[in-house]
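Scroll down for the structure; my scribbles are underneath it.
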Amino acid sequence: MPKAKIEYKLRIPSQTENLEIIRFFVGKVAEKVGFAEDDVGKIELAVDEACTNVMKHAYTETVKDKTLDVAILIDYQKLTLVVTDHGKGFNPDKIRQPDMKEYLAELRVGGLGIFLMRTLMDEVDYDIKPGVRNQVRMVKYLINRKNSKIVN
Amino acid sequence: MPKAKIEYKLRIPSQTENLEIIRFFVGKVAEKVGFAEDDVGKIELAVDEACTNVMKHAYTETVKDKTLDVAILIDYQKLTLVVTDHGKGFNPDKIRQPDMKEYLAELRVGGLGIFLMRTLMDEVDYDIKPGVRNQVRMVKYLINRKNSKIVN
Amino acid sequence: MENFKVVRLDGVNLTTLKIIGFLDAHTAPTLEEAIQKLLDEEQVNILVDFKELSYISSAGLGVFMGFIEEVRSKNGDIKMCAMSPKIYRVFDLLGFPTIYQIFDKQEEALATFPQNSAASSSE
Amino acid sequence: MENFKVVRLDGVNLTTLKIIGFLDAHTAPTLEEAIQKLLDEEQVNILVDFKELSYISSAGLGVFMGFIEEVRSKNGDIKMCAMSPKIYRVFDLLGFPTIYQIFDKQEEALATFPQNSAASSSE
Ligand SMILES: Nc1ncnc2c1ncn2[C@@H]1O[C@H](COP(=O)(O)OP(=O)(O)O)[C@@H](O)[C@H]1O
Ligand SMILES: Nc1ncnc2c1ncn2[C@@H]1O[C@H](COP(=O)(O)OP(=O)(O)O)[C@@H](O)[C@H]1O
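Residue numbers (our numbering), protein chains in the order written: chain A, -18 to 133; chain B, -18 to 133; chain C, 182 to 304; chain D, 182 to 304.
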């Protein structure tokens, strides 16, 4: 992985009321970096889904310090989003991705977050260390760039 | 100082193009916490002035890693903003605050940032360790609160 | 400050819910309550007007999925109209247009409800 | 994406600069250039319309301070109008209303320039 040139970091309480701030933060950086409006929207939605999962699933009631971190790394050809929590973790290999045809036929509720992340971003992978540090890393390549401000 | 209950942190490149993100971030948190619109505007302007100073004065050309940190601490009765840089520092005691009457009579340019910060916020103090960590800490008390969401 | 709002417009045999702002995991409960209230009143002909919605996440989509079976089992429907291209794209990505009727314009949608012609309008 | 813009409206013996968006250390150079260009053209009767400005920091205030002496030495002036209460408060905090003429409405401001009555308008 090439060395990241620019880095942005946000540490914020793991509460759904903060989703708006997180989206704005990530959206503005993506915009600045030269992603087209379309891709900015996808990146915003992907980070929302990742953070919503932390807010809904990562922390048990008893955990006191419920925070989450969003880092954005920019290098010449891509934006990397890293969302980190310190909660209980999970096994991403055990999460069955929905077969959308079945899903829609059965009018199921929920279970779309990770599927959306994988659909919206070019790469998505998890690195889980329960109770220590759980991370999802998502990459979007800067093709069809509106303007190439990434050179720095 | 009472223990901070909630903490938000942003690490961002020291570039003026990031002022908008910083203001939005700080403004949204201040709003959420229950400050009236008026005070939200003051807090946004104070953080802008502090960060603009970092962007204009903190780093010499040769420094590679030009970042700045904005932390927001919320406790029961106040919001504390801490803006940190790792640049060359300065002696805040040597900065003469403008006599606004003289200032206006002479139509001077610049030199209003720190004065504004002191006018807008309830407390402003600097902690300077050149090349290591320079901080300005600004406090706004939550009186005339619109709604008291701060209890947590 | 208020980042999401539901405006309810009662028509003859139909209720339009205008949803405004950002629909995410934080604001989804507001929409959920509004739809639940309609069901409690046995109003099952529901048009959701997306004209002023600027964002939706899967938490927002989940709200519709959570009610659609019940609404249809009562011979009603949840239909949708006036989505921005950005919002429509999210629906489309997940294949939702195969399960919901989505109309460009509010008037077209209104005409498809039974016993109804002009229910909302004043826009 | 574009967070600041200057729209120039040339009148009879006066130019109005409508400033739009956020005026901070990042965007101040755009305004600086616009005013410098007026001076290069020897247009020194300048009205700045703040109606669509939503934010100003000391870097923005500094732009006006940087030009006012030169403009006045050439018998011109920089006047201002249509500030939101939020923006006016910042000017007021620093005592700037004692050095700049600030008007509520654009028309009032226009009337105070020499040899000028209706310069802009279409708003
Ligand atoms: N950060 C996380 N911490 C703990 N569990 C998680 C996390 N992210 C995802 N999960 C698990 O993965 C499952 C699938 O997530 P997702 O596809 O977003 O659907 P949903 O959140 O609607 O269940 C969740 O139900 C949860 O069990
Ligand atoms: N973070 C900082 N690093 C280095 N110098 C600073 C910093 N903040 C303020 N200063 C110094 O304090 C001075 C006064 O700042 P200020 O009142 O904001 O006015 P201005 O920035 O217009 O000079 C600056 O000119 C600069 O020398």
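The C-beta atom is built at its ideal place from N, Cα and C for all residues, glycine as well.
Whether residue i touches residue j by CB criterion (7 Å)
{"i": "Gln(-11)/B", "j": "Ile(-7)/A", "result": "A small correction: the amino acid at residue -11/B is Tyr; Gln does not occupy that position in the sequence shown. It is a contact, given that the beta carbons lie within the stated cut-off."}
{"i": "Ile2/B", "j": "Ile55/B", "result": "no"}
{"i": "Phe294/C", "j": "Asn226/C", "result": "yes"}
{"i": "Leu62/B", "j": "Asp205/D", "result": "no"}
{"i": "Val51/A", "j": "Val35/A", "result": "no"}
{"i": "Ala263/C", "j": "Lys232/C", "result": "yes"}
{"i": "Tyr122/B", "j": "Asp103/B", "result": "yes"}
{"i": "Ala31/A", "j": "Val21/A", "result": "no"}
{"i": "Leu93/B", "j": "Asp66/B", "result": "no"}
{"i": "Met81/B", "j": "Gly241/D", "result": "no"}
{"i": "Val193/C", "j": "Leu212/C", "result": "no"}
{"i": "Ile200/D", "j": "Leu234/D", "result": "yes"}
{"i": "Ile109/B", "j": "Ile95/B", "result": "no"}
{"i": "Leu274/C", "j": "Thr100/A", "result": "yes"}
{"i": "Val14/A", "j": "Val28/A", "result": "no"}
Test: residue i CB closer than 7 Å to a CB of chain C
{"i": "Glu83/A", "result": "no"}
{"i": "Thr33/A", "result": "yes"}
{"i": "Asp29/A", "result": "yes"}
{"i": "Thr48/A", "result": "no"}
{"i": "Glu1/A", "result": "yes"}
{"i": "Leu60/A", "result": "no"}
Supposed contact pair residue j and residue i - C-beta distance, whole angstroms, cut 8 Å
{"i": "Gly120/B", "j": "Lys59/B", "result": "Here residue 120/B is Val; the residue named in the question, Gly, does not match the sequence. Val120/B to Lys59/B, Cβ: 5 Å. Contact."}
{"i": "Arg89/A", "j": "Met246/C", "result": "7 Å"}
{"i": "Leu85/B", "j": "Leu26/B", "result": "Their Cβ separation, rounded to whole angstroms, is 19 Å, which puts Leu85/B and Leu26/B out of contact at 8 Å."}
{"i": "Leu319/D", "j": "Val229/D", "result": "No answer is possible for residue 319/D: it lies beyond the span of chain D, which begins at 182 and ends at 304."}
{"i": "Ser(-5)/B", "j": "Lys47/B", "result": "4 Å"}
{"i": "Ile237/C", "j": "Ile268/C", "result": "5 Å"}
{"i": "Phe5/B", "j": "Phe5/A", "result": "6 Å"}
{"i": "Glu42/B", "j": "His207/D", "result": "19 Å between Cβ atoms; not a contact."}
{"i": "Asn115/B", "j": "Ala17/B", "result": "With 8 Å as the limit, Asn115/B and Ala17/B do not qualify as a contact, their Cβ atoms being about 31 Å apart."}
For residue i, three-class secondary structure by DSSP
{"i": "Gly241/C", "result": "helix"}
{"i": "Glu183/C", "result": "coil"}
{"i": "Phe96/A", "result": "helix"}
{"i": "Ser298/C", "result": "The predicted model places Ser298/C with a pLDDT of 46, which falls under 50 and marks its position as unreliable, so this point remains unresolved."}
{"i": "Met119/A", "result": "strand"}
{"i": "Ser303/C", "result": "Residue confidence is low: Ser303/C scores 46 on pLDDT, short of 50, so the model does not pin down where it sits. No coordinate-derived value is stated."}
{"i": "Leu(-9)/A", "result": "strand"}
{"i": "Thr(-3)/A", "result": "helix"}
{"i": "Lys199/C", "result": "strand"}
{"i": "Ile85/B", "result": "A small correction: the amino acid at residue 85/B is Leu; Ile does not occupy that position in the sequence shown. In the structure shown, Leu85/B sits in a helix (DSSP, three-state: H, G or I)."}
{"i": "Asp103/B", "result": "coil"}
{"i": "Lys75/B", "result": "helix"}
Any C-beta of chain D under 7 Å from that of residue i
{"i": "Glu(-2)/B", "result": "yes"}
{"i": "Asp106/B", "result": "no"}
{"i": "Val64/B", "result": "no"}
{"i": "Val21/B", "result": "no"}
{"i": "Gly91/B", "result": "yes"}
Any chain A beta carbon closer than 7 Å to residue i
{"i": "Lys9/B", "result": "yes"}
{"i": "Met182/C", "result": "Residue confidence for Met182/C is low, a pLDDT of 48 falling below 50, so the modelled location carries little weight; the figure read from the coordinates is stated next. So no, Met182/C is outside the interface."}
{"i": "Phe138/B", "result": "Since the displayed chain B opens at -18 and closes at 133, residue 138/B lies outside it and no answer follows."}
{"i": "Leu(-9)/B", "result": "yes"}
{"i": "Ile53/B", "result": "no"}
{"i": "Leu274/C", "result": "yes"}
{"i": "Lys260/C", "result": "no"}
{"i": "Ala162/C", "result": "Nothing about residue 162/C can be read from this structure; chain C reaches only from 182 to 304."}
{"i": "Ile216/C", "result": "no"}
{"i": "Lys186/C", "result": "no"}
{"i": "Ile280/C", "result": "yes"}
Cutoff 7 Å: residue i Cβ touching any chain B Cβ
{"i": "Glu250/D", "result": "yes"}
{"i": "Leu123/A", "result": "no"}
{"i": "Val132/A", "result": "Only weak support exists for where Val132/A lies, its pLDDT of 43 falling under 50; the value from the coordinates is given anyway. Not an interface residue."}
{"i": "Ile24/A", "result": "no"}
{"i": "Pro(-6)/A", "result": "yes"}
{"i": "Met312/D", "result": "With chain D represented from 182 up to 304, any question about residue 312/D goes unanswered, as that position is not in the structure."}
{"i": "Thr211/D", "result": "no"}
Ligand 4 heavy atom lying under 6 Å from the CB of residue i
{"i": "Gly241/D", "result": "Ligand 4 is not part of the structure shown, which contains ligand 1 and ligand 2 as its ligands."}
>> I'd like the ranges of any beta strand (DSSP E) spanning at least 3 consecutive residues and lying wholly in the stretch 1 to 64 of chain A.
In response: The stretch 1 to 64 of chain A contains these whole beta strand (DSSP E) runs: 48 to 55.
>> Give the list of continuous alpha helix (DSSP H) stretches no shorter than 4 residues that lie fully inside the stretch 215 to 291 of chain C.
In response: Fully enclosed alpha helix (DSSP H) runs of 4 or longer: 239 to 254, 266 to 274.
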